[in-house]
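Comments concern the structure below.
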Amino acid sequence: MHKIMGNSNWKQYFDNKAETFGASVKSSDYFNEESFFMQRDNTLRWLGRLEGKEILDAGCGVGAFSEPLVKNNTVYGVDFSVKSLEHAAARGLRTSSEDLTALSFENGKFDVVMCIGVIQLIEQYENVLKELARVTKPGGTLLIETLNKGSVQRKMLKLFEKSKKFEKMYTMDELKRVFSKYGFGQIEFLKIYHPFKFVTQGSGDGLMSSMFSTSFAIKGRKNID
Ligand SMILES: C[S@@+](CC[C@H](N)C(=O)[O-])C[C@H]1O[C@@H](n2cnc3c(N)ncnc32)[C@H](O)[C@@H]1O
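Under my numbering, the first residue of the sequence shown is numbered 25, with each subsequent residue one higher.
Next up, the structure:
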């Protein structure tokens, strides 16, 4: 595994995963199923009940994260891994193969845009955020989940791991600034402490949570001009 992979390598990487592991969450590189369900269920609970909404799962992989939303909403799934999308479509997502840096959807189409476990793979992540912001409806919600750069456990792992797949990490504060820059307010965090099963919520980047949460979700509401 190369230290930093370009876009086409990630596409190939996730196509290979989907060919090997099929619809399993292993195709999306989760540590294990338990860790996946813990993150998914806590995140969806935090997002709140959604019904009759237009939702975009950006970088949906095999579609396991947004699958529970399909029953009561219209869920679109985009990803550049065509092999992964086959499984997402079978889960009921409306799929299209697209690069997140240039989405085909019109401005303000979605009530909710979610992007889970993706931006750590993308060197130019601001281009993706700009696109996600563009397709979010004024008053709609943008939710991003990613690894926490400030985490002590991740710093320790870096000392021991020779090759690190996920090179790009962000602090909560950094993403908060980018959310504000692209017109989002009411910003909140959900902090996840793998391998422990608890999560905490808050509007800020507290010292303990920024040091010990291994990953976090950030959500914000798009301002209505
Ligand atoms: C770690 S997986 C997460 C999948 C899913 N969100 C989940 O949490 O189960 C990351 C996904 O992002 C996709 N991806 C990465 N960069 C992308 C890009 N620039 N455009 C479209 N998809 C991308 C990959 O193909 C992969 O399916």
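Even glycine gets a Cβ: it sits at the ideal position worked out from N, Cα and C. The model shown is predicted, which means the values in this text are computed figures rather than measured ones.
Shown here, alanine 82 sits in a strand according to DSSP, grouped into three states. Assigned with DSSP and collapsed to three states, lysine 205 falls in helix. Across the set Gly209, Phe55, Val176, the C-alpha of Val176 shows the shortest separation from the C-alpha of methionine 235.
Checking the DSSP bridge columns, you'll see glycine 244 partnered with Leu166.
Every alpha helix (DSSP H) of 4 residues or more that sits fully in the stretch 99–155 is shown, in chain order, as 106–114. By the Cβ criterion, the stretch 81–89 is in contact with the stretch 127–146, since at least three pairs of Cβ atoms, one from each stretch, lie closer than 8 Å. DSSP places threonine 67 in no beta strand (DSSP E) but in the uninterrupted alpha helix (DSSP H) bounded by 57–71. The three-state secondary structure of phenylalanine 222, taken from DSSP, is coil.
Closest in C-alpha terms to phenylalanine 55, from the list Val223, Phe240, Ser237, Pro219, comes Pro219.
Leucine 127 is positioned such that its CB atom lies closer than 9 Å to that of valine 102.
With respect to valine 136, arginine 118 sits apart: the two C-beta atoms are not nearer than 9 Å. Assigned with DSSP and collapsed to three states, glutamate 212 falls in strand.
Secondary structure at lysine 41: helix, using DSSP grouped into helix, strand and coil.
Contact between aspartate 39 and valine 106 holds, with the beta-carbon distance rounding to 7 Å and staying under 8 Å. Within 8 Å of the C-beta of tyrosine 194 there is not a single heavy atom belonging to ligand 1. Contact annotation, threonine 238 with tyrosine 217: C-beta distance approximately 6 Å; criterion of less than 8 Å satisfied. Looking at the DSSP output, tyrosine 194 bridges to Asn172. Ranked by how close their Cα comes to the Cα of glutamate 43, the residues His111, Lys133, Leu156 have His111 in first place. The straight-line gap separating the alpha-carbon atoms of asparagine 151 and threonine 125 is approximately 6 Å. CA-CA distance, aspartate 197 to isoleucine 79, rounds to 26 Å. Beta-bridge partners of serine 239 (DSSP): Leu171, Ile216. Within a 10 Å sphere around the beta-carbon of arginine 73 sit fewer than 16 other beta-carbons, which makes this residue exposed.
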